[in-house]
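Single-structure report; data block below.
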Amino acid sequence: MHEPPRSLPLVREESVNGLALGPAVPGHTVVYASGDGSVVAEGRTPSMSERLTIRRRYLVDVTVKRSTFYYQLAALRSAFFFGAEVNVSWFVDRPGLAVSQNLGDGQQFLTERLRSLMWPLSSQFEAHQAHEATAAINARFGARTGRMPEGITIQTCFVMLTIDSRLGQQMVEDEIGARKVEAVNLAMRGDPSGLAVHIANNPGDSRAVIDLVSKNRQIDRDTRLELLRLLQSNNGLQDVDLAAVRQRLLGDLSALSADEGPPPAQLNGSSRPGPPPPPEDEPYDQDYA
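All letters in the sequence shown, in the order written, are residues 1 to 289 by full-length UniProt numbering.
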């Protein structure tokens with residue numbers, strides 16, 4: 001769990017007498033404004049006539065900043081999200097505009113603005129397509145200078161997306177389930193040696209696979225006996241009780257009927273839809289919309 005970005009005020013307001021304007025501050029541009037907030041002078045010494053109207057002085061931080069933000073982005077047709085790590089280099093390039101737009105906390109502003117800009121792009125990709133979504137967003141924003149209407153310029157902006165942790169757990173469970181289905185398919189094809197190799201390579205599946213094989217009435221006695229022999233010879237039953245396995249695999253064969261209907265269709269593993277078409281290239285018009 002990442003902490004929210006720390007507050008980073010960009011504009012500091014001071015009350016002044018128009019005839020005593022105060023000192024300059026390194027890394028800041030001074031913006032002078034009238035009593036109603038209208039900008040009178042920006043980054044320069046105001047004239048004597050302008051000084052008569054000045055009531056406020058704003059110190060605007062114009063140094064280049066490098067920030068890292070963390071937030072969630074939507075995925076296509078899914079209850080899952082992408083986790084986004086966003087690294088940004090930015091600065092205030094129009095101090096007067098930042099004052100008139102009442103730009104306060106720069107970190108919070110950028111977090112919300114960039115998230116709203118990236119959301120439509122990420123939502124074009126399935127929840128498991130973090131790599132493709134990352135490439136699309138970086139193609140739009142990475143290594144480009146973009147100006148925002150509030151007076152901020154983005155120098156660079158790179159994102160790294162990761163899949164939702166809940167989806168990651170589901171994918172692991174799907175993979176385990178697909179392995180077990182494939183094991184039964186091997187047995188149904190009369191391939192006990194392939195099934196024995198599968199269990200040897202995936203020892204954590206042994207109990208579940210043996211249980212599935214024992215329940216499948218289409219797997220004949222010879223296949224089951226050969227599987228049992230191979231498991232014994234390959235030490236594939238080290239953590240499983242041999243008598244219990246024999247009972248599971250062979251105990252109910254007398255109940256199998258020779259005239260039962262044809263075998264059911266072979267089970268298949270889960271599949272995923274193909275990726276959506278890549279988003280159309282958008283012309284870059286200098287300003288972030």
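Just so it is clear, CB atoms sit at the ideal spot from N, CA and C, and this is done for glycine as well. Being a predicted model, the structure only gives us computed values, none of them experimental.
In whole angstroms, give me the CA-to-CA distance for Gly104 and Thr111. For the purposes of this step, residue 104 is identified with residue 104 of the sequence shown, where counting begins at 1. For the purposes of this step, residue 111 is identified with residue 111 of the sequence shown, where counting begins at 1. Whole-angstrom Cα-Cα distance: 13 Å.
So the candidates are Val11, Ser193, Ala84 and His128; which of them puts its Cα closest to the Cα of Ser100? Within the sequence shown, the letter at position 100 stands for residue 100. With distances taken between Cα atoms, Ser100 lies closest to Val11.
CA-CA distance, Gly142 and Asn87? Residue 142 sits at position 142 when you count from the first residue of the sequence shown. Residue 87 sits at position 87 when you count from the first residue of the sequence shown. The straight-line gap from Cα to Cα measures roughly 10 Å.
What's the C-alpha gap between Gln153 and Ser49? Here residue 153 refers to the residue found at position 153 when the sequence shown is read from its first residue. Here residue 49 refers to the residue found at position 49 when the sequence shown is read from its first residue. It is worth fixing the name first, because residue 153 is Thr in this sequence and not Gln. Thr153 and Ser49: Cα-Cα distance of roughly 32 Å.
Where Asn102 and Gly35 are concerned, what is the direct C-alpha to C-alpha distance, given to the nearest angstrom? Locating residue 102 in the sequence shown gives position 102, counting from the first residue. Locating residue 35 in the sequence shown gives position 35, counting from the first residue. Cα to Cα, Asn102 sits roughly 15 Å from Gly35.
Kindly indicate which three-state DSSP category Pro120 falls into: helix, strand or coil? For the purposes of this step, residue 120 is taken as residue 120 along the sequence shown, with counting starting at 1. If DSSP states are grouped into helix, strand and coil, Pro120 belongs with the helices.
In this structure, does DSSP put Met148 in helix, strand or coil? The count along the sequence shown starts at 1 and reaches residue 148 at position 148. Residue state, collapsed to three classes: coil.
Report, in whole angstroms, the separation of the C-beta atoms of Ala24 and Val31, which I expect to be a contact under 8 Å. By one-based count along the sequence shown, residue 24 stands at place 24. By one-based count along the sequence shown, residue 31 stands at place 31. Ala24 to Val31, Cβ: 12 Å. No contact.
So, helix, strand or coil for Pro263, using DSSP? Taking the sequence shown and counting its residues from 1, one reaches residue 263 at position 263. For Pro263, the pLDDT reaches just 44, beneath the cut-off of 50, and the residue's location in the model is therefore unreliable, although a value from the coordinates is still provided. In the structure shown, Pro263 adopts coil according to DSSP, grouped into three states.
Give the straight-line distance between the Cα atoms of Arg246 and Val197, rounded to the nearest whole angstrom. Translated into positions along the sequence shown, residue 246 becomes position 246. Translated into positions along the sequence shown, residue 197 becomes position 197. When rounded, the distance between both Cα atoms is 18 Å.
To which residues of the same chain is Glu14 closer than 6 Å at the C-beta, ignoring the five residues directly before and after it? Residue mapping note: residue 14 aligns to position 14 of the sequence shown, counting from 1. Excluding positions up to five away in sequence, the list reads Arg57.
Local Cβ density within 10 Å of Arg221, reported as buried at 16 or more and exposed below that: Within the sequence shown, residue 221 is the residue found at index 221, counting from 1. Classification for Arg221: exposed.
What does the Cβ neighbour count give for Pro26, buried or exposed, with the cut at 16 atoms within 10 Å? On the sequence shown, residue 26 is found 26 positions in, with the first residue counted as 1. Exposed, since its Cβ has fewer than 16 Cβ neighbours within 10 Å.
Residues bridged to Pro9 [DSSP beta-bridge criterion]: Translated into positions along the sequence shown, residue 9 becomes position 9. Per DSSP, Asp105.
Thr223 classed as buried or exposed, judged by whether at least 16 other C-beta atoms fall within 10 angstroms: Stepping through the sequence shown from its first residue, residue 223 is reached at position 223. With 16 or more Cβ atoms within 10 Å of its Cβ, Thr223 is classed as buried.
Report the rounded CA-to-CA distance for Ala135 versus Gln107, giving the unit in angstroms. Indexing the sequence shown from 1 puts residue 135 at position 135. Indexing the sequence shown from 1 puts residue 107 at position 107. Approximately 24 Å between the Cα atoms of the pair.
Distance, Phe80 Cα to residue 290 Cα: Residue numbering for the chain in the displayed model covers 1 to 289; residue 290 lies beyond these limits and cannot be assessed.
Cβ atoms of Ala98 and Gly43: under 8 Å apart, would you say? Position 43 of the sequence shown holds residue 43. Position 98 of the sequence shown holds residue 98. Contact flag unset, no.
Among Trp90, Val16, Arg55 and Pro120, which one has its Cα closest to the Cα of Gly146? Within the sequence shown, residue 146 is the residue found at index 146, counting from 1. Considering only alpha carbons, the answer is Trp90.
Just curious, the beta strand (DSSP E) that Thr68 is in, first and last residue? The count along the sequence shown starts at 1 and reaches residue 68 at position 68. From DSSP, the beta strand (DSSP E) with Thr68 extends over Lys65 to Ala74.
Check whether the Cβ atoms of Ala74 and Trp119 lie closer than 8 Å to each other. By 1-based counting over the sequence shown, the position of residue 74 is 74. By 1-based counting over the sequence shown, the position of residue 119 is 119. Going by C-beta atoms, Ala74 is nearer than 8 Å to Trp119.
At which residues does the alpha helix (DSSP H) containing Gly96 begin and terminate? If you number the sequence shown from 1, residue 96 lands on position 96. Its alpha helix (DSSP H) spans residues Pro95 to Ser100.
Give the DSSP-derived three-state secondary structure of Arg77 in the structure shown. Taking the sequence shown and counting its residues from 1, one reaches residue 77 at position 77. The three-state reading of DSSP puts Arg77 in coil, since its state is none of H, G, I, E or B.
Report the residue from Thr53, Phe109, Lys65 and Asp164 whose alpha carbon sits nearest the alpha carbon of Gln129. For this step, residue 129 is matched to residue 129 along the sequence shown. Checked all of Thr53, Phe109, Lys65 and Asp164; the closest Cα to Gln129 is Asp164.
Starting from Ala20, trace the beta strand (DSSP E) in both directions and tell me its first and last residue. Counting from one through the sequence shown, the residue named residue 20 turns up at place 20. For Ala20, there is no enclosing beta strand (DSSP E), as DSSP marks it with neither H nor E.
Specify the secondary structure class of Phe141 as computed by DSSP and reduced to three states. Numbered from 1 along the sequence shown, position 141 holds the residue referred to as residue 141. Annotated three-state conformation of Phe141 is helix, per DSSP.
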